[in-house]
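Below is one structure, written out as structure tokens; the observations come after it.
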Amino acid sequence: MSTFQNARFYTTVNHMKDLPPTRAEVAFVGRSNAGKSSAINTLANHARLARVSKTPGRTQHINFFELGNECFLVDLPGYGYAEVPEAVRAHWVELLGRYLQSRQSLIGLLLIMDARHPLKELDRKMLEFFRVTRRPVHILLSKADKLSRQEQSKVLALVKRELNDYPDVSVQMFSSLKKSGVEEVEQVVNSWFDQHLGQPAAEDEAEPEL
């Protein structure tokens with residue numbers, strides 16, 4: 001059984017002060033409706049582990065999934081378009097930003113992009129935003145099944161060229177529908193966990209209530 005298939009829902013939080021103590025965690029993030037929840041479900045081989053919706057912005061909190069051995073997957077709110085009140089959107093932005101830059105047990109980021117529309121402005125901002133943490137990012141170009149093999153090769157090559165200035169960022173094609181690319185993601189994430197499990201557990205500084 002793969003690491004992802006051990007995933008079990010653990011908790012959901014909406015404020016930094018409620019984040020649970022963990023040894024190591026890998027977070028999923030992406031534009032609203034990029035296929036983030038579908039990717040999590042495919043990797044975990046569980047159709048309803050993460051809630052999937054055709055309505056952008058349905059992931060409104062930070063959701064934790066336990067993998068065992070004090071390791072977790074984290075589903076973050078989507079960024080970009082979402083049919084929600086501005087006050088709620090502003091809270092998501094602040095929560096997402098503070099989590100990404102201050103969470104000490106966050107060891108890597110899985111950034112989901114629609115393969116048909118990669119590296120949008122907000123995606124680039126996310127890469128720059130996370131770059132200061134000096135932690136790795138692995139991009140999943142989702143919905144690859146919507147492209148022909150030739151188109152996939154062109155998109156992958158284009159994105160790789162665009163990422164030449166980001167030494168800690170890797171990229172691959174991924175399809176939840178075809179369940180393609182799963183093993184590659186597992187290898188990347190397992191390598192992150194393997195590198196960190198031998199290190200002392202990090203403790204986050206106390207966060208004020210939002």
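Counting with the UniProt record's numbering, you get residues 1 to 210 for the letters of the sequence shown.
Each residue gets a CB set at the ideal place from its N, CA and C atoms; glycine is no exception.
Query	Result
Same chain, Cβ closer than 7 angstroms to A206, five either side skipped, listed in chain order	With a pLDDT of 40 at A206, under the threshold of 50, the modelled position of this residue cannot be trusted, and the question is left open.
Beta-carbon spacing of A27, L100 below 9 angstroms	yes
Closest residue to H61 among R116, S180, L95 and N190 (Cα-Cα distance)	L95
Reduced DSSP secondary structure (H/G/I, E/B, other) of V169	strand
Proximity test, Cβ basis, 9 angstroms: L197 and chain D	Here there is only one protein chain, and chain D is not present.
Inter-residue CB distance, D168 and V137 (contact presumed, cutoff 8 angstroms)	6 angstroms
Beta-carbon proximity list for Q172, same chain, < 6 angstroms, skipping 5 on both sides	G181 and E184
Reduced DSSP secondary structure (H/G/I, E/B, other) of R23	coil
Helix, strand or coil at R149 according to DSSP, with G and I counted as helix	helix
Those runs of the alpha helix (DSSP H) which lie wholly inside the region 66-152 and span at least 4 residues	86-102 and 121-131
Through-space distance from P118 to L163, alpha-carbon basis	12 angstroms
For D18 and residue 224, the rounded distance between their alpha carbons	Since the first residue shown for the chain is 1 and the last is 210, residue 224 is missing from the structure and cannot be characterised.
Proximity test, T133 beta-carbon vs the ligand FAD heavy atom, cut-off 8 angstroms	The model on display carries no ligand, and the ligand FAD is accordingly not part of it.
Buried or exposed (CB count within 10 angstroms, at least 16 for buried), S153	exposed
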